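Asker:
Protein chains: 2
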Amino acid sequence: MGDTRTEISQLGEFKLINKLTKNFKPSNKSTVKSIGDDAAVIQGGEGYKVVSTDMLVEEIHFDMMYTPLKHLGYKAIVVNLSDIYAMNATPEQVTVSIAVSSKFSVEALEELYKGIALACDRYKVDLIGGDTTASMKGLMISVTAIGIAEEKEITYRDGAKEGDVLCISGDLGAAYLGLQVLEREKQVYLEDSNMQPELEHHGYVVERILKPEARRDVIEYFAKENIKPTSMIDVSDGLSSEIMHICEQSKVGCLIDEGAIPIHPEVTEMAVQTFGLDPTVCALSGGEDYELLFTVQQSELEKIKQFPDINPIGIITKESMGRKIKAKSGRTYDLLAQGWDHGK
Amino acid sequence: MGDTRTEISQLGEFKLINKLTKNFKPSNKSTVKSIGDDAAVIQGGEGYKVVSTDMLVEEIHFDMMYTPLKHLGYKAIVVNLSDIYAMNATPEQVTVSIAVSSKFSVEALEELYKGIALACDRYKVDLIGGDTTASMKGLMISVTAIGIAEEKEITYRDGAKEGDVLCISGDLGAAYLGLQVLEREKQVYLEDSNMQPELEHHGYVVERILKPEARRDVIEYFAKENIKPTSMIDVSDGLSSEIMHICEQSKVGCLIDEGAIPIHPEVTEMAVQTFGLDPTVCALSGGEDYELLFTVQQSELEKIKQFPDINPIGIITKESMGRKIKAKSGRTYDLLAQGWDHGK
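Chains as they are written, first to last, in the numbering used here: chain Y, 4 to 347; chain X, 4 to 347.
(1) Pop quiz: lysine 127(X) and serine 30(X) are said to be a contact at Cβ under 8 angstroms. What is the actual Cβ separation, rounded to whole angstroms?
(2) Please decide whether lysine 347(X) counts as near chain Y, where near means a Cβ-Cβ distance under 7 angstroms.
(3) Using 8 angstroms as the cut-off, can you tell me whether the segment 161-168 of chain X makes contact with the segment 298-316 of chain X, which would need three or more C-beta pairs spanning the two stretches below that distance?
(4) Any beta carbon of chain Y sitting closer than 7 angstroms to that of methionine 90(X)?
(5) Who pairs with arginine 326(Y) in a beta bridge, going by DSSP?
(6) State whether the segment 82-102 of chain Y contacts the segment 230-247 of chain Y, with contact taken as three or more CB pairs (one from each stretch) at a distance under 8 angstroms.
(7) Write down the C-beta distance between valine 82(Y) and aspartate 57(Y) rounded to the nearest angstrom, noting that I regard them as a contact closer than 8 angstroms.
(8) Can you check which of these residues, Gly47(Y), Ser37(Y) and Met67(Y), is closest to lysine 189(Y) by C-alpha distance?
(9) Which value, in whole angstroms, describes the spacing of the CA atoms of glycine 181(Y) and aspartate 292(Y)?
(10) What does glutamine 46(X) touch in chain Y if you count any residue whose Cβ is under 7 angstroms from its own?
(11) Write down the C-beta distance between serine 239(Y) and glycine 290(Y) rounded to the nearest angstrom, noting that I regard them as a contact closer than 8 angstroms.
(12) Taking 8 angstroms as the cut-off, does the segment 250-264 of chain X touch the segment 325-336 of chain X (at least 3 CB pairs, one atom from each stretch)?
(13) Please classify serine 323(Y) as buried or exposed, where buried requires at least 16 neighbouring CB atoms within 10 angstroms.
(14) Rounded to the nearest angstrom, how far is the Cβ of valine 208(X) from that of valine 184(X), given a contact under 8 angstroms?
(15) Measuring alpha carbon to alpha carbon, tell me which residue in Ala226(X), Asp86(X) and Val60(X) is nearest valine 54(X).
(16) Quick check on asparagine 314(X): does DSSP put it in helix, strand or coil?
(17) For arginine 160(Y), which residues in chain X fall below 9 angstroms Cβ to Cβ?
(18) I'd like to know if threonine 147(Y) contacts chain X, where contact means its C-beta is closer than 7 angstroms to some C-beta of that chain.
(19) Classify valine 238(Y) as helix, strand or coil using the three-state DSSP reduction.
(20) Using a cut-off of 7 angstroms between C-beta atoms, extract the partners of aspartate 134(X) located in chain Y.
(21) Please compile the residues from chain X whose C-beta is within a distance smaller than 9 angstroms of the C-beta of serine 108(Y).
(22) Would you say alanine 274(Y) lies against chain X (beta-carbon separation less than 7 angstroms)?
(23) Where does leucine 304(X) land, buried or exposed, given buried means 16+ other C-beta within 10 angstroms?
(24) For chain X, find out if any of its Cβ atoms is closer than 7 angstroms to the Cβ of serine 253(Y); answer yes or no.
(25) Taking 7 angstroms as the CB-CB cut-off, is lysine 216(X) touching chain Y?
(26) By a C-beta neighbour count over all protein chains shown, 10 Å radius and 16 as the cutoff for buried, is leucine 242(X) buried or exposed?
(27) Short of 6 angstroms in beta carbon distance, which residues of its chain neighbour aspartate 134(X), apart from the five on each side in sequence? Order them along the chain.
(28) Runs of 3 residues minimum, wholly inside the segment 86-164 of chain Y: which ones carry the beta strand (DSSP E) assignment?
(29) Please list the terminal residues of the continuous beta strand (DSSP E) segment that includes glutamate 49(Y).
(30) Mind pulling the chain X residues with CB within less than 7 angstroms of valine 35(Y)?
(31) When burial is assigned at 16 or more other CB atoms within 10 Å of the CB, is valine 275(Y) buried or exposed?
(32) Going by the DSSP bridge assignment, what does serine 172(X) pair with across the sheet?
(33) How many Å lie between arginine 334(Y) and isoleucine 264(Y) at the Cα?
(34) Per DSSP, what kind of secondary structure is tyrosine 336(X) in: helix, strand or coil?
(35) Leaving aside the five residues before and after glycine 346(X) along the sequence, list all residues of the same chain whose C-beta is less than 7 angstroms from its C-beta, in chain order.
(36) Looking at chain X, which residues of the segment 224-246 of chain Y have a Cβ within less than 7 angstroms of any of its Cβ atoms?
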């Protein structure tokens, strides 16, 4: 960021917005009018528009002590795009509103917008609008993402049927452990500010929390292979909670196979040896993985298995069968919104 | 609100969202899927979609000491719809995200959503999504509004031409004076909490700041009479600032007639007698009026004058003529972003 510090008050709102957004050039032909009027204008089109919105609040969703602003900007976009992909849709536009206290300099906000620009470029979405305002305390970022899909492609949470296979992209639990590492290093630093954070050996888990990616590749594979999931959701609150949403809205039960839940070797090792945690609990309850959880008919399973990064983790059952997880021990437990019930 | 106080933490996020939004029923046929999935789904359609977003922050945009939550919810929607109307478009959907500290009860948020519901009902827009999160301090509301318009109807800020007539709906300066009244009563209360606020005699100006309306009627009149403004903007930052935006983006000058600026009699009287202010300065620099400022060709003027609530206030000139205001005294001054330059 260099050594310069420009106060936001030196610029005023209009010059600030101009400075932050002047390098954003729309790339989607559906973007008719971007920043600079009362509202942005986008083409309607024959299909459907898909709209998702999320708010990130300092000290609630992120800690400035260990969150680089560029990463934060990137993540603020990605978590919204993840919701659009979870509808089997393709994001095309985003709006970004920020409320910011005077502790942030113009240069700090430029870092934030560098991350936003990086995500927009990588995922081919256009920044079309937003609002920039003062706050009394801290930083808030509100993002709305808009995507497109044909009517028949859109995948809701309520379409899972008995016999469908429950699948997950990527691996789970890493973001949760990354957060534990960052919190631990923060405490070390607060106790002795001469200590430098030890993050080098934890590259994977730390990157998963600070700079997550959304699974565009999975949606593109579905389109290419003509696969239509019967239901889908993104994993933001932990696998258990998302499975519950699908079961509740689809009015079905499930049987999850603990041994099939994909967990990165670094996560397994760190959970057990560093934090004394059960890796499965990290995966079930951790959250912020931004992987896609979906169900497909069994006939689609061969095509799904061709994708290097998707694993079947269970089967959809009748609602009356309940929501169950079969542990590695062979015993079956009730799945709970936060993890599983070892007591039963 | 009654005497009950339920803590937000007693409910949790999912139950809270459900409680706040369960009575919202979509009324536009373009709303395909509302709250309850990763994203909302709306129809594309042949025309264009218009997207606007705004953030309201406690202690920056509103003061809880004199802002009833129901009014705040209403206003949060209305200010966004005003931006959609300013594009000559019709709003159909909104998303509402809130970040809220533990000082707010569930009952308080229900009041906020009652106001949101009232605005949605009055303006026929559907609440289709949002996010609800904790904040460390205060209340933040982020609203995104989505509207529709045919391509040829959309009115930007950059279409004003030399000879066009500059027009304004309603009257100006009242919201600014309303804010002065509320701030004065707040100070009285802070000095002696036994004093009751004297708001009764200031009904018009107080309502204009606490519960503004967006000018749907003007847009509907344009459609009915087949009037196409050449440029348009809504008055959120004060008349001067909005005129400057139109002149800058249209690359034109203007000559405003001070005597033609519509000011409510209550505003004139209160500005002079209570606050010792120039009513014209209140109109030029006040802001938050949410009236529509637009330009039309002179041939449209007869139709415009039929509308009871629209006044021509000046003429568009060549850019080289500058941005001028002719005072009641007959002298001409430079118009500045904040008011006008008496010094020249």
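Every residue, glycine too, gets a C-beta built ideally from N, C-alpha and C. Keep in mind that this is a model prediction, so the values were computed, not measured.
Answerer: In terms of the structure at hand:
(1) 6 angstroms
(2) Low confidence applies here, because lysine 347(X) scores a pLDDT of 36, under 50, leaving its location unreliable and the question unanswered by this model.
(3) yes
(4) yes
(5) Cys257(Y)
(6) yes
(7) 6 angstroms
(8) Met67(Y)
(9) 11 angstroms
(10) Tyr51
(11) 6 angstroms
(12) yes
(13) exposed
(14) 6 angstroms
(15) Asp86(X)
(16) strand
(17) Gly39, Asp40 and Asp41
(18) yes
(19) coil
(20) Thr56, Asp57 and Met58
(21) Here the premise fails: no neighbours, minimum Cβ distance about 19 angstroms.
(22) no
(23) exposed
(24) no
(25) Looking at the sequence provided, one finds glutamate at residue 216(X) rather than lysine. It does not: the Cβ of glutamate 216(X) has no partner Cβ on chain Y nearer than 7 angstroms.
(26) buried
(27) Ser100
(28) 93-103, 129-137 and 142-152
(29) 43-60
(30) Tyr51
(31) exposed
(32) Ile313(X)
(33) 16 angstroms
(34) strand
(35) Since pLDDT at glycine 346(X) reaches only 46, below the 50 mark, its modelled position is unreliable, and the value read off the structure follows with that caveat. Correct list: empty, nothing qualifies.
(36) Ile236 and Asp237
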